[in-house]
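Engineer: To convert, take the position in the sequence shown, counting from 1, and add 143; that gives this note's numbering. Sharing a structure, written as C-alpha cells. Questions coming.
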Amino acid sequence: MRIEPGSLLKDLRVPIQKLITNQGKGWTEAEARDLWDRYLKLSVQLGTRKQIVEVLCDEFVRGRFSIGKMIERIEGGDERWGHLKKEMK
144 MRIEPGSLLK DLRVPIQKLI TNQGKGWTEA EARDLWDRYL KLSVQLGTRK QIVEVLCDEF
204 VRGRFSIGKM IERIEGGDER WGHLKKEMK
C-alpha cells in the first residue's frame, strides 16, 4: 500500500485554540497582587497546584506558563515581585 504525498492532509483535524486575551502583556503590580491573593485563597480550597493554576488561567485570562511563572517569581523572592509574598502572608 503506497500513500501519496499530501493525500492525508484533508484528514488532519483543526486544533481548538483557546482565546487568551492577555497573552504577551506584562503584569501590573495590581494584577500580580490579585494573583497572589487569589493563589493563597485557592491553595486552601484546592489540592494541587495544577488545579489552582487552571482556575487562575480562566480568571486572569492568561496561559498556564504565565501564571505559573509569576507564582514562581513571587514565591522565590524575585527582585521585582518577591515583596508580595512578605506583604500578603
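Glycine residues also receive a C-beta, built at the ideal position from the N, C-alpha and C atoms. Quick caveat: nothing in here was measured; it's all calculated off a predicted structure.
Taking DSSP as the reference, what is the three-state secondary structure of M231?
Structural biologist: It is coil, neither helix nor strand.
Engineer: Rounded to whole angstroms, what's the CA-CA distance from G225 to M213? Just pull it up for me.
Structural biologist: Those two C-alpha atoms are separated by around 10 Å.
Engineer: Compute the Euclidean distance between the alpha carbons of D154 and W170, then round it to the nearest angstrom.
Structural biologist: Whole-angstrom Cα-Cα distance: 40 Å.
Engineer: So what does DSSP say about D180, is it helix, strand or coil?
Structural biologist: Residue state, collapsed to three classes: helix.
Engineer: Roughly how many angstroms lie between the CA atoms of Q166 and R205, to the nearest whole one?
Structural biologist: Going from the Cα of Q166 to the Cα of R205 covers about 6 Å.
Engineer: Under the three-state reduction of DSSP, which class applies to K161: helix, strand or coil?
Structural biologist: Three-state result, K161: coil.
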